[in-house]
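Asker:
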Amino acid sequence: MPEQPSPEQMQALQEKVKNMSPEELKEFQKKQCIFCKIVAGDINSKKVYEDEKCTAILDINPANPGHILLIPKEHFPLMPLMPNDLVDHLFLVAKEISRVMLTAVSADGVSIFVANGSAAGQRAQHFMIHIIPRKTGDKIKLDIPVKEHPQEDIDNAVEKIQEKIDSVFKTKKKIVRKKPEKKKTSGKKGKKKTSKKKKPRSSSKKPKKKKTKKKSTKKKSKEESGVSLDDIADIIG
Ligand SMILES: [Zn+2]
């Protein structure tokens, strides 16, 4: 690691970065990026896969043995900045590697994880996909906590997201949203704060999914989902 720059140097650097064109900025980020150096071979890594567009390396601080980082060879800080064909390619490679994990190290599951932006936990400025073989009860915390939010905030977010999705995907059709049970016969749209928790009518959905499962009911995992990847791994064989 290089020495820490002084506060003056940091300020000068920030000023310089501010005045850069997007191309210059990209070039600059690349020069600072450990993963670009790994791709170039300037920093050692254990590469497990490589093609013309991406490289898969072992994480030096693995969550579990076999934790892999899949990175594009070209420097992109965030997924939305990447060309579509590259995203396609990376996720296809991720899919195959996760399939390998199910069989090669008998993973009970595989976490495929992307931290997009520092608020999401991204630490390196080079886009990467974490592929982590999982064992039942391995206590790796990628669980998404359920937090209470005002219904208003949820509705607001959905509305904004929906609008953008419709414009990006050119889908104008109305997506059916679950409505809170009607308690009033008439009333204005604005006030629906009362619906705190809507129970999804999930029970009717489940049987469909299970239809493809083999007869052998779960062998090991008794987790709440009941979807045993052992069975899937058996099928993949
Ligand atoms: Zn990079």
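My numbering numbers the first residue of the sequence shown as 37 and each following residue consecutively. Quick reminder that beta carbons are idealized off the backbone N, C-alpha and C, glycines included. Keep in mind that this is a model prediction, so the values were computed, not measured.
CB A99 to CB I168, shorter than 7 angstroms?
Answerer: yes
Asker: Mind checking whether the beta-carbon of C90 lies closer than 6 angstroms to any heavy atom of ligand 1?
Answerer: Incorrect: C90 has no Cβ contact closer than 6 angstroms to ligand 1.
Asker: Using the DSSP secondary-structure output, state which residues sit across from L106 in a beta bridge.
Answerer: A92 and I165
Asker: Beta-carbon separation of Q161 and A151 under 7 angstroms?
Answerer: no
Asker: Based on the DSSP secondary-structure assignment, which residues constitute the bridge partners of G145?
Answerer: Answer by DSSP bridge pairing, in chain order: R170.
Asker: Cα separation between V123 and P116?
Answerer: 9 angstroms
Asker: Start and end of the alpha helix (DSSP H) containing K73?
Answerer: I70 to A76
Asker: Report the partner residues of K83 according to the DSSP bridge assignment.
Answerer: I93
Asker: Just reading off the alpha helix (DSSP H) that I201 is part of, what are its end residues?
Answerer: Q187 to F205
Asker: Could you tell me whether the Cβ atoms of D191 and R170 are closer together than 7 angstroms?
Answerer: Cβ distance not < 7 angstroms, so D191 and R170 don't count as in contact.
Asker: So Q45 is in the alpha helix (DSSP H); what residue range does that whole segment cover?
Answerer: P43 to K54
Asker: Return the residue from the list N97, E88, A130 and K67 that minimises the CA-CA distance to S81.
Answerer: N97
Asker: Output needed for K242: all residues of its chain with C-beta closer than 7 angstroms, excluding positions within five of it in sequence on either side, in chain order.
Answerer: Low local confidence applies: a pLDDT of 43 at K242 is under 50, so the model's placement there is unreliable, with the coordinate-based value given in what follows. Excluding residues within five positions, none has a Cβ falling inside 7 angstroms.
Asker: I176 and A130: beta carbons closer than 7 angstroms?
Answerer: no
Asker: Could you check how far apart the C-beta atoms of L106 and D95 are, in whole angstroms? I think they sit under 8 angstroms.
Answerer: The beta carbons of L106 and D95 sit about 10 angstroms from each other, so the pair does not count as a contact at 8 angstroms.
Asker: Give me, in chain order, the residues of the same chain whose beta-carbon lies closer than 6 angstroms to that of T248; leave out the 5 immediate sequence neighbours on both sides.
Answerer: Reliability of the predicted coordinates at T248 is poor, the pLDDT of 43 falling under 50, and the value obtained from them is presented with this limitation in mind. So no residue of the chain qualifies.
Asker: For ligand 1, any of its heavy atoms closer than 6 angstroms to the Cβ of H162?
Answerer: yes
Asker: Report the rounded CA-to-CA distance for D189 versus A76, giving the unit in angstroms.
Answerer: 45 angstroms
Asker: Should H103 be labelled buried (16 or more other beta-carbon atoms within 10 Å of its own) or exposed?
Answerer: buried
Asker: Closest by CA to F149, which one among E195, D121 and F163?
Answerer: F163
Asker: Roughly how many whole angstroms lie between the Cα atoms of F64 and S42?
Answerer: Going from the Cα of F64 to the Cα of S42 covers about 19 angstroms.
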